[in-house]
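Counting in this note's numbering, the sequence shown runs from 4 upward without gaps.
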Amino acid sequence: MQIIREFGPLRDALKNVRQTKNILGLVPTMGALHAGHMHLVETAMSRCDAVIVSIFVNPTQFGAGEDLDAYPRKEAEDAALLEAAGVDLLWAPTVDQIYPEGFATNVSVSGVSAGLCGGSRPGHFDGVATVVAKLFNQVRPEAAFFGEKDYQQLAVIRRMARDLDFTHDIIGVPTVRDTDGLALSSRNAYLTPQQRGQAVALPETMQAAAGAIGNGGDIAAILDAAKAKLLVSGFHKVDYLELRNADTLENMTVFANPARLLAAAHIGSTRLIDNIAVA
Ligand code: PAF
């Protein structure tokens, strides 16, 4: 597997790949790869002739005081995993290959970026949309793969791709969970053993709330009770726990399909997110 850090060599490598392979899949990541990322890679490999994974810890999607400096960086281990999985290329650009001197462009997607993580992390989705648009233009894949774990991010990227005429497929891949139900995330590495034990309250509480909503219960009362439950289960702050239309992400006060329950909550210094379908 070639590891490429500059755009010129990337273009040459892509030209080579395209001589024999028609369908190129892109899996954008920020590294610190876990089984959830590897599931994205496996899905891409099952649907494409060649797969390129990008690893770039994108500074513009981190707000002031967030974990940009602490974000886990494990490129050697990541590269070994990707090589063993049979990935063709690893695109690991330096910061100037994404944001060259004088970079002055911002991709901002209104509507789906508002509220939820967009409310508690102002500017986050501009950073995501901008870097993903760059990666799409640099790689020009036939398909790009993103985890449903970052559900709002997936909605922002789908909207951005439609609006900017990126014609390749955007594939959402279901969340991979630990055996107890906690969604896999690079940020789970920050949890102490005690916090890791408590963190399972997030998917458990969400499952219970989703069941109650699906059974016709009072949405506001169910969500209030679920937030209170999280706050006595080890979480000290709930950024949001909301029922939204699964396609448009518009707020939902009367249950109708398709619906998605989305949450973000803090345990210790770690902010966890999750989302599940409500049926
Ligand atoms: O989901 C992520 O890892 C990142 O937000 C992404 C899509 C790679 C953009 O930096």
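We treat Cβ as the ideally placed atom computed from N, Cα and C, and that holds for glycine.
Inset, instruction - Tell me, please, whether the CB atom of V142 is closer than 9 Å to any CB atom in chain D? - result: Absent from the structure: chain D. Only one protein chain is present.
Legend entry - Endpoints, beta strand (DSSP E) assigned at S57: 53-58
Legend entry - Contact under 9 Å by Cβ, E207 with L226: no
Inset, instruction - Look at the Cβ atom of S189, then the Cβ atom of A35, and state whether they are nearer than 9 Å. - result: yes
Inset, instruction - Determine the extent of the beta strand (DSSP E) in which V176 is found, giving its start and end residues. - result: 172-176
Legend entry - Where L27 falls: helix, strand or coil (DSSP): strand
Inset, instruction - Taking 9 Å as the cut-off, decide whether the C-beta atoms of P2 and G66 are in contact. - result: In the structure as shown, the chain begins at 4 and stops at 282. Residue 2 is therefore absent and cannot be evaluated.
Legend entry - Complete beta strand (DSSP E) runs within the region 157-201 (minimum length 3 residues, chain order): 172-176
Legend entry - Cut-off 7 Å between Cβ atoms - residues of its own chain near L43, not counting five sequence neighbours on either side: V30, F148, G150, V176
Legend entry - Rounded separation between A224 and G121 - CA only: 24 Å
Inset, instruction - Alpha carbon to alpha carbon, how far is V90 from E45? Give it in angstroms, no decimals. - result: 9 Å
Inset, instruction - Rounded to whole angstroms, what's the CA-CA distance from N25 to R143? Just pull it up for me. - result: 12 Å
Inset, instruction - Considering only heavy atoms of the ligand PAF, list every residue whose Cβ is less than 6 Å from one of them, following chain order. - result: P31, T32, M33, N61, Q64, V131, V134, V135, D153, Q156
Inset, instruction - Check whether the Cβ atoms of V179 and I160 sit closer than 9 Å, and answer yes or no. - result: no
Legend entry - Residues that DSSP places opposite F148 in a beta bridge: I174
Legend entry - Spatial distance of D99 from K77 (CA atoms): 20 Å
Legend entry - Contacting residues, own chain, Cβ-Cβ under 7 Å from D250 (five flanking each side not counted): P261
Legend entry - Pick from L119, V235, E145 that is closest to G28, judged by C-alpha positions: E145
Inset, instruction - Take the Cβ of G39 as the centre, count every other Cβ of all protein chains shown within 10 Å, and call the residue buried at 16 or more, exposed below. - result: buried
Inset, instruction - Could you check what DSSP says for Y243 in three-state terms: helix, strand or coil? - result: strand
Inset, instruction - Output the boundary residues of the beta strand (DSSP E) element that contains H269. - result: 262-270
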